[in-house]
């Protein structure tokens, strides 16, 4: 059975407080939003976010950087944050980069050409024949989904050592000066930058960690327009509907209970919930519908407070905190992340 052997995260050096982000939004969107602005600004105070890590200061967008320049910075940090998180991830289990057999790259906020992957291999120290797969566009669901795909590979190759690497930079994705909309202001209040690496190994690799028992991908009908990322005139465009929390509230219980019932389980059988911190309203909807106590999502709330929503890597920041805790033999964990589709990725874990 596949095992999550280790996880490590990395962030840019720039810390941006929520008060600073609010002041930027107040100045940057003042002319475009005018009377709507005072009604929108409370989203910063109500977010339960204290700070985020960003590659560039938000004020950088006054320069109206084009997509080519933004993506060049993305690629520089794709390598920088990757070297840090992957090195730390492998050092935890005393493994060398050249031992990795397959790497899954995950992002939604930049374009990573295949030729650049060869450069990444050389910088990180991966073997030239290490297999690679690129998962693009899954947004917030990408991290959990990639762990599930890594487990699928590990089941097929029991001696396999599979690395998941997620990197997201929301501070670079948006052409803010080209779209001074209320949707962009709300996104400025929520998203941060960060990276995470997870090592998944097969049965024949003698490393301890939580076993990956099962996983499931589910699409919610008639919700495709609630979250989307697409190619736009000025680069990658993201959209999140204000109806998303309602859709999560209406569907999350059926999604989670349906998956667990297939394993002969219920939510009450799961001791550890590793939930993507998509935002305050998303976490509140999940807490209420799954009838969770206030401390069952403590790691999700803490990641939201200190990092904001870093898309695919967010749930792996939560996983890192969870794996640092003590676990009893046989205890179960459930990773849950929702992204464009509306897609729900779930991964069932068990500590031994």
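Residue numbers (our numbering): 14 to 365. Positions of the beta carbon are idealized from the N, C-alpha and C atoms, including for glycine.
Reduced DSSP secondary structure (H/G/I, E/B, other) of residue i
{"i": "residue 250", "result": "strand"}
{"i": "residue 115", "result": "strand"}
{"i": "residue 285", "result": "strand"}
{"i": "residue 232", "result": "strand"}
{"i": "residue 225", "result": "strand"}
{"i": "residue 269", "result": "helix"}
{"i": "residue 21", "result": "strand"}
{"i": "residue 257", "result": "helix"}
{"i": "residue 359", "result": "strand"}
{"i": "residue 41", "result": "helix"}
{"i": "residue 350", "result": "strand"}
{"i": "residue 31", "result": "helix"}
{"i": "residue 36", "result": "helix"}
{"i": "residue 127", "result": "helix"}
For residue i, the nearest candidate out of the options (CA to CA)
{"i": "residue 70", "options": "204, 96, 61 and 158", "result": "204"}
{"i": "residue 328", "options": "220, 44, 156 and 74", "result": "156"}
{"i": "residue 202", "options": "18, 14 and 32", "result": "32"}
{"i": "residue 335", "options": "308, 192 and 355", "result": "308"}
{"i": "residue 161", "options": "131, 219, 225 and 101", "result": "225"}
{"i": "residue 81", "options": "132, 248 and 209", "result": "248"}
{"i": "residue 192", "options": "68, 264 and 245", "result": "245"}
{"i": "residue 265", "options": "317, 358 and 344", "result": "358"}
{"i": "residue 431", "options": "114, 99, 153 and 294", "result": "The requested residue 431 is not part of the displayed model; the chain covers only 14 to 365."}
{"i": "residue 142", "options": "53, 120, 123 and 115", "result": "115"}
{"i": "residue 340", "options": "255, 176 and 286", "result": "286"}
{"i": "residue 275", "options": "103, 361, 257 and 48", "result": "361"}
{"i": "residue 65", "options": "206, 174, 43 and 103", "result": "206"}
{"i": "residue 25", "options": "356, 96 and 61", "result": "96"}
{"i": "residue 313", "options": "289, 324 and 303", "result": "289"}
{"i": "residue 295", "options": "218, 222 and 352", "result": "352"}
{"i": "residue 88", "options": "108, 123 and 72", "result": "123"}
{"i": "residue 173", "options": "259, 338 and 214", "result": "214"}
{"i": "residue 170", "options": "217, 58 and 229", "result": "217"}
{"i": "residue 68", "options": "61, 49 and 92", "result": "92"}
{"i": "residue 16", "options": "211, 305 and 271", "result": "211"}
{"i": "residue 227", "options": "236, 187 and 165", "result": "165"}
{"i": "residue 188", "options": "78, 303, 131 and 263", "result": "78"}
{"i": "residue 300", "options": "261, 182 and 117", "result": "261"}
{"i": "residue 284", "options": "62, 18, 60 and 342", "result": "342"}
Rounded Cβ spacing between residue i and residue j (contact assumed at less than 8 Å)
{"i": "residue 46", "j": "residue 195", "result": "6 Å"}
{"i": "residue 105", "j": "residue 21", "result": "7 Å"}
{"i": "residue 185", "j": "residue 86", "result": "6 Å"}
{"i": "residue 178", "j": "residue 119", "result": "7 Å"}
{"i": "residue 364", "j": "residue 344", "result": "5 Å"}
{"i": "residue 268", "j": "residue 231", "result": "5 Å"}
{"i": "residue 23", "j": "residue 167", "result": "Going by Cβ atoms, the distance from residue 23 to residue 167 rounds to 24 Å, so no, they are not a contact pair."}
{"i": "residue 354", "j": "residue 322", "result": "About 17 Å; that fails the 8 Å criterion."}
{"i": "residue 176", "j": "residue 113", "result": "5 Å"}
{"i": "residue 324", "j": "residue 102", "result": "In fact, because the Cβ distance is near 19 Å, the residues do not count as touching under 8 Å."}
{"i": "residue 258", "j": "residue 219", "result": "Incorrect: roughly 44 Å between the Cβ atoms, too far for contact."}
Any chain B beta carbon closer than 8 Å to residue i
{"i": "residue 200", "result": "Looking at the structure shown, chain B is missing, and only one protein chain is on hand."}
- Message: Which runs of the beta strand (DSSP E) at least 3 residues long sit entirely within the stretch 278 to 341? Give them in chain order.
- Response: 285 to 288
- Message: Is it the case that the stretch 229 to 244 contacts the stretch 24 to 42, given that we only count it when at least three CB pairs across the two stretches are under 8 Å?
- Response: no
- Query: Residue ranges of each beta strand (DSSP E) run of no fewer than 3 residues wholly in the stretch 195 to 221, ordered along the chain?
  - Reply: 206 to 214
- Which full runs of the alpha helix (DSSP H) of 4+ residues lie inside the stretch 129 to 186, going along the chain? 155 to 169 and 183 to 186
- Item | Unbroken stretches of the beta strand (DSSP E), 3 residues or longer, contained in the stretch 47 to 105 | 64 to 67
- Would you check if the stretch 314 to 321 and the stretch 278 to 285 touch, i.e. whether three or more CB-CB distances between them fall below 8 Å? no
- Message: For the structure I just gave you, are there three or more beta carbon pairs, one from the stretch 35 to 54 and one from the stretch 122 to 130, closer than 8 Å?
- Response: no
- Please determine if the stretch 53 to 60 and the stretch 251 to 258 are in contact, where contact requires at least 3 C-beta pairs separated by less than 8 Å. no
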